[in-house]
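Chemist: Residue numbers for the sequence shown follow my numbering, beginning at 525 and rising by one. Note that the Cβ used here is the ideal one computed from N, Cα and C, for glycine as well. Since this is a predicted model, take the numbers as computed values, not measurements.
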Amino acid sequence: MADDIPRVFADAIAADPTRPLLTWYDDATGERTELSGATLANWVAKTANLLVDDVAAGPGSAAGVLLPPHWQTAAVLLGCWSAGLTVAEEPGSVDVLFAAADRVPEADAWSAGERYALALAPFALPLREVPAGFADYVVEVRVHGDHFSPYAGGGAELVARAARRADTLGLAPGDRVLVDAARHPDPLDWLLAPLSVGASVVLCGNLDPARVDSRTTSEKVTRSLA
């Protein structure tokens, strides 16, 4: 069993990097974004390179993540873990902070060396207006490289928690898991537990209950957390 998150992620996409790994729906906007393992890996690598090159962060550094379930959140979290950062669970002093645009006011509770805001807009569009004291994540991350060699070690406890959670949720290897983001906001549920068993995810924000049956069919869902 992998003993760190980067290895869990690598193992999850190794068999077929081209298969859909994370599909994001927002039923409030009609957005659908599908990422293969290879595409998500590129975003993860770019994020890790941003952290190392621009933030000078690495093992021993900490990140604050004020983001909802979203495909860009997956890139940020996996990028942090790839670069050896710890993701803080409570406000405090961190080396870098990532915040959704609507959660920028919460940033006052954090002391951070670098701050990035995310619009979480369709097509990864940038912010229309960048909050004072922040850089735009999608603008800054795009210029970084698509490859990164993750730092090994660390995160064994998180991996174990993800495996236990996958068992509790009844997830199995190869599952296609539909997740209601509102009901399962913890990344352990919508990201790490599925990855730990090699499952793929259909992550739904603002889920319309009337669309669950048709989406289950169209996305070939085998396990629903809706």
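#1: Could you tell me the alpha carbon to alpha carbon distance between residue 589 and residue 734, rounded to whole angstroms?
#2: Three Cβ pairs or more, each shorter than 8 Å: is that satisfied between the segment 678 to 696 and the segment 708 to 722?
#3: May I ask you to report which of helix, strand or coil DSSP gives residue 542?
#4: My understanding is that residue 720 touches residue 532, with C-beta atoms under 8 Å, so please give their C-beta distance in whole angstroms.
#5: With three or more C-beta pairs closer than 8 Å as the rule, is the segment 607 to 622 touching the segment 573 to 585?
#6: What residues match up with residue 636 in a beta bridge as DSSP calls it?
#7: Using DSSP with H/G/I as helix, E/B as strand and the rest coil, what is residue 706?
#8: Can you tell me where the alpha helix (DSSP H) with residue 736 in it begins and where it stops?
#9: Residue 672: buried (16+ other C-beta within 10 angstroms of its C-beta) or exposed?
#10: Go through its chain and collect everything with a Cβ distance to residue 659's Cβ below 8 Å, but skip five positions before and after it.
#11: Using C-beta distances below 8 Å, list every residue in its chain close to residue 736, excluding the 5 sequence neighbours before and after it, in chain order.
#12: Just to confirm, are residue 710 and residue 728 a CB contact at a threshold of 7 Å?
#13: Under 8 Å by Cβ, that's how I've got residue 536 and residue 677 pegged, so tell me the actual separation to the nearest angstrom.
#14: Take the Cβ of residue 744 as the centre, count every other Cβ of all protein chains shown within 10 Å, and call the residue buried at 16 or more, exposed below.
#15: Can you tell me where the beta strand (DSSP E) holding residue 560 begins and where it ends?
#16: Out of 643, 623, 644, point me to the one whose CA is closest to residue 634's CA.
#17: Could you work out which residue in 665, 689, 695, 629 is closest to residue 572 when comparing CA atoms only?
#18: Distance check for residue 691 and residue 654, CA to CA, integer angstroms please.
#19: If distances are taken between C-alpha atoms only, which option among 708, 675, 632 comes closest to residue 610?
#20: Cα-Cα, which of 561, 647, 596, 560 is closest to residue 553?
#21: Do residue 708 and residue 570 have their beta-carbon atoms positioned less than 7 Å apart in this structure?
#22: Does the distance from the C-beta atom of residue 595 to that of residue 548 stay below 7 Å?
Modeler: Straight from the coordinates:
#1: Residue 589 and residue 734: Cα-Cα distance of roughly 31 Å.
#2: Touching, yes, given that three or more Cβ pairs across the two stretches are closer than 8 Å.
#3: Coil at residue 542, not helix or strand.
#4: Indeed, because the Cβ distance is near 6 Å, the residues count as touching under 8 Å.
#5: Using a C-beta cut-off of 8 Å, the segment 573 to 585 makes contact with the segment 607 to 622, since at least three inter-stretch Cβ pairs fall below that distance.
#6: Residue 636 pairs with 618.
#7: Correct three-state label for residue 706: coil.
#8: From DSSP, the alpha helix (DSSP H) with residue 736 extends over 736 to 742.
#9: It counts as buried.
#10: Cβ within range, chain order: 638, 639, 640, 641.
#11: Counting only Cβ-Cβ distances below 8 Å, and skipping sequence neighbours, we find 702, 748, 750.
#12: The answer is no: Cβ separation not under 7 Å.
#13: Residue 677 and residue 536 do not touch by the CB rule: their CB atoms are close to 19 Å apart, not below 8 Å.
#14: Residue burial is scored here from C-beta neighbours: residue 744 has fewer than 16 other C-beta atoms within 10 angstroms and is therefore classed as exposed.
#15: 555 to 560 is the span of the beta strand (DSSP E), which, as asked, contains residue 560.
#16: When only C-alpha atoms are compared, the closest one is 623.
#17: Sorting 665, 689, 695, 629 by C-alpha distance to the C-alpha of residue 572 places 665 at the top.
#18: The alpha-carbon of residue 654 is positioned some 41 Å away from that of residue 691.
#19: Of the candidates 708, 675, 632, the residue whose Cα lies closest to the Cα of residue 610 is 675.
#20: Residue 553 has its Cα closest to that of 647, out of 561, 647, 596, 560.
#21: The Cβ-Cβ distance between residue 570 and residue 708 does not fall below 7 Å.
#22: Their beta carbons are under 7 Å apart, which means residue 595 touches residue 548 by this criterion.
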